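Chemist:
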Amino acid sequence: MGSVIMLSDEDAVADTIRPRLDAAGADCSKIHALTMVREIDDDGQIVDRSFSLRKDIDRLAGVVERLGDCALIQIDPISAYMGGTDSHKNSDVRGLLSPLSSLAEQFNVAVVVVTHLNKGGGNAIYRSIGSIAFTAAARSVIGVTKDNDDPSRRLVLPVKNNLGCDSSGMAYRIETADNGAPVLMWEPDPVDIDINEVLNRPPDDEQWARNEVAEWLHDELRNGPVPSNDIKKRSNAVGHSWRTVERVKAQLKIVSKKDGMSGKWSFFLPEHIYVKTDEFPEVRHEGREDSPSPGRGGLGGLRDDETRL
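With the first letter of the sequence shown counted as 1, position 123 gets the number 123 in our numbering; the numbers rise by one all the way through.
#1: Report yes if the CB atom of residue 140 is closer than 8 Å to the CB atom of residue 119, and no otherwise.
#2: Would you mind working out which of 235, 126 and 143 sits nearest residue 136, comparing C-alpha positions?
#3: Can you look up residue 161 in the DSSP assignment and give me helix, strand or coil?
#4: If you count every other CB in all the chains shown that lies within 10 Å of the CB of residue 24, and 16 or more means buried, which is it?
#5: Scan the stretch 31 to 108 and note each continuous beta strand (DSSP E) run of 3 residues or more that stays entirely inside, going in chain order.
#6: Label residue 70 either buried or exposed according to how many other C-beta atoms from any shown protein chain fall within 10 Å of its C-beta, with 16 as the threshold for buried.
#7: Helix, strand or coil: how does DSSP classify residue 175 here?
#8: Tell me which residue opens and which closes the beta strand (DSSP E) that residue 8 is part of.
#9: Is the number of C-beta pairs between the stretch 163 to 171 and the stretch 180 to 194 that are closer than 8 Å three or more?
#10: How about residue 111 and residue 96: are their beta carbons less than 8 Å apart?
#11: Determine contact between the stretch 208 to 228 and the stretch 56 to 75, defined as no fewer than three beta-carbon pairs at a distance below 8 Å.
#12: Would you decide whether residue 184 is buried or exposed? Buried here means 16 or more other CB atoms lie within 10 Å of its CB.
#13: Looking only at its chain, what residues have a beta carbon closer than 7 Å to the beta carbon of residue 226, apart from the 5 residues adjacent to it on each side?
#14: Quick one: is residue 240 buried, meaning 16 or more other Cβ sit within 10 Å of its Cβ, or exposed?
#15: Once you ignore the five residues that flank residue 80 on each side, which residues in its own chain have a CB closer than 6 Å to its CB?
#16: So the candidates are 105, 138 and 196; which of them puts its Cα closest to the Cα of residue 148?
#17: Does the beta-carbon distance from residue 13 to residue 33 come in below 8 Å?
#18: Less than 8 Å separating the beta-carbons of residue 75 and residue 109?
#19: Among 142, 213 and 3, which has the Cα closest to the Cα of residue 252?
#20: Alpha carbon to alpha carbon, how far is residue 244 from residue 311? Give it in angstroms, no decimals.
#21: Between the alpha carbons of residue 41 and residue 83, how many angstroms are there, rounded?
#22: Leaving aside the five residues before and after residue 88 along the sequence, list all residues of the same chain whose C-beta is less than 7 Å from its C-beta, in chain order.
#23: Nearest to residue 143 by CA position, among 39, 158, 254 and 151, is which residue?
#24: My output table needs one value for residue 184: the three-state DSSP class, helix, strand or coil.
#25: Which first and last residues belong to the alpha helix (DSSP H) in which residue 135 is found?
#26: Measuring only the C-alpha atoms, how far is residue 68 from residue 36?
#27: Count the other C-beta atoms from every protein chain shown that fall within 10 angstroms of the C-beta of residue 117, then say buried if there are 16 or more, exposed otherwise.
#28: Given a threshold of 16 other Cβ atoms within 10 Å of its Cβ, counted over all protein chains shown, does residue 249 qualify as buried or as exposed?
#29: Spell out the partners DSSP gives residue 169 in its beta bridges.
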């Protein structure tokens, strides 16, 4: 088995990466976390700075060459190592990725870079944050997303594959290992789901439930404030989750008000600017007056301390 070089900006080696690798049964003597670049500045002082793909690709190549058996370089996320390159400009991104591609070819090393999805809809190939050049340069693009029908399940699905014709994906669940770290439990069978169907699925049952609760709650409060305990009892009686009720309460900007120091809490709609009852002599909502509608390690192996180039 070859060595692995990890560049991880979002997780610390000691308290996150190492425990997870141990839980997965990894040989940590073959894993090298590169965290800093050490150099001499113009004043002759030794300084440490973050690794940059724009400035330090030759240094990375030197590490790969010294290792001699490097099989994989992981960069997570790539946006943290771009050294000021504009991630939204195709030409700039291609200029950054081209030397990395050449390094991979020269040393026969696989390079895996991680990025996040943007919030827009549409085809999955356009959903990575930044320029389309990221997905254009990659030979294979894989998306990881939650299973809409099972929140505890993750789907690993192909977005683009220039290296073969297999279009099937995989699935896993996250469990807790003996050391307390999360560990992936892979399912044995392939997953034949189009990632675009998953990412662009219409509102799920949870959203439908919120819409139903929003309509119900609005009807309950249309005639004035109702004690929150009564709302809770009524919601249970009709089968509405209290957690969903609380979320919808925030969505509708429903106001909570207590009657005195030891009185009851009640809900009322924001359009009830003034409400006069025995429980509430006068209540004023200061918000909107219109109601919204519902609806890292050294070259000797991964250690708990950080390592510099």
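Just so you know, even glycine gets a beta-carbon here, dropped at the ideal spot from N, CA and C. Because the structure is a prediction, the values reported are computed rather than measured.
Modeler: On the basis of the coordinates in this document:
#1: Position 140 of the sequence shown, counting from 1, holds the residue named residue 140. Position 119 of the sequence shown, counting from 1, holds the residue named residue 119. Going by C-beta atoms, residue 140 is not nearer than 8 Å to residue 119.
#2: Walking along the sequence shown from the start, residue 136 turns up at place 136. The shortest C-alpha separation from residue 136 is found at 126.
#3: Locating residue 161 in the sequence shown gives position 161, counting from the first residue. The three-state reading of DSSP puts residue 161 in strand, counting E and B together.
#4: Walking along the sequence shown from the start, residue 24 turns up at place 24. Per the 10 Å Cβ criterion, exposed.
#5: Those beta strand (DSSP E) runs which fall completely within the stretch 31 to 108 and span 3+ residues are 31 to 33, 37 to 40, 46 to 49 and 70 to 76.
#6: For the purposes of this step, residue 70 is taken as residue 70 along the sequence shown, with counting starting at 1. A buried status is given to residue 70, since no fewer than 16 other beta-carbon atoms sit within 10 Å of its beta-carbon.
#7: Here residue 175 corresponds to residue number 175 of the sequence shown, with the count starting at 1. DSSP places residue 175 within a strand segment (E or B) once states are collapsed to three.
#8: Against the sequence shown, residue 8 aligns to sequence position 8. Looking at the DSSP string, the run of the beta strand (DSSP E) that includes residue 8 is 3 to 8.
#9: For the pair of segments examined, the stretch 163 to 171 was found to touch the stretch 180 to 194: the number of CB pairs separated by less than 8 Å reaches three.
#10: Sequence index remark: in the sequence shown, residue 111 carries index 111 (1-based). Sequence index remark: in the sequence shown, residue 96 carries index 96 (1-based). With respect to residue 96, residue 111 sits apart: the two C-beta atoms are not nearer than 8 Å.
#11: As far as the Cβ criterion goes, the stretch 208 to 228 does not touch the stretch 56 to 75, which means the pair count is below three.
#12: Reading the sequence shown from its first residue, position 184 is the one you call residue 184. Its Cβ having fewer than 16 others within 10 Å, residue 184 is exposed.
#13: To locate residue 226, count along the sequence shown from 1; it is residue 226. Same-chain partners within the cutoff: 220, 266 and 267.
#14: On the sequence shown, residue 240 is found 240 positions in, with the first residue counted as 1. Around the Cβ of residue 240, a 10 Å sphere holds 16 or more other Cβ atoms; the residue is buried.
#15: Numbered from 1 along the sequence shown, position 80 holds the residue referred to as residue 80. The residues 9, in chain order, have a CB closer than 6 Å to that of residue 80 in the same chain once the five nearest residues on each side in sequence are set aside.
#16: As a first step, residue 148 is located in the sequence shown; it is residue number 148 there, counting from the start. The shortest C-alpha separation from residue 148 is found at 196.
#17: The residue you call residue 13 lines up with position 13 of the sequence shown. The residue you call residue 33 lines up with position 33 of the sequence shown. Contact: yes.
#18: Start at 1 with the first residue of the sequence shown, and residue 75 comes out as number 75. Start at 1 with the first residue of the sequence shown, and residue 109 comes out as number 109. In this structure, residue 109 does not lie closer than 8 Å to residue 75 by Cβ.
#19: In the sequence shown, residue 252 corresponds to position 252, counting from 1. Looking at the Cα atoms, 213 is the closest of the given residues.
#20: Given that the chain is displayed from residue 1 to residue 309, the structure contains no residue 311 and the question cannot be resolved.
#21: What you label residue 41 is simply residue 41 of the sequence shown in a count that begins at 1. What you label residue 83 is simply residue 83 of the sequence shown in a count that begins at 1. Roughly 17 Å separates the two Cα atoms.
#22: As a first step, residue 88 must be located in the sequence shown, where it is residue number 88. Excluding residues up to 5 positions away in sequence, 130 and 131 lie with their Cβ nearer than 7 Å to the Cβ of residue 88 in the same chain.
#23: For the purposes of this step, residue 143 is taken as the residue at position 143 of the sequence shown. If we check each option's Cα against that of residue 143, 158 comes out closest.
#24: Counted from its first residue, the sequence shown places residue 184 at position 184. Strand.
#25: Here the question's residue 135 lines up with position 135 in the sequence shown. Residue 135 -> alpha helix (DSSP H) spans 133 to 137.
#26: As a working note, residue 68 is residue 68 in the sequence shown. As a working note, residue 36 is residue 36 in the sequence shown. Answer to the nearest angstrom: the Cα atoms are 21 Å apart.
#27: Within the sequence shown, the letter at position 117 stands for residue 117. Label assigned to residue 117: exposed.
#28: In the sequence shown, residue 249 corresponds to position 249, counting from 1. With 16 or more Cβ atoms within 10 Å of its Cβ, residue 249 is classed as buried.
#29: As a first step, residue 169 must be located in the sequence shown, where it is residue number 169. Beta-bridge pairing links residue 169 to 191.
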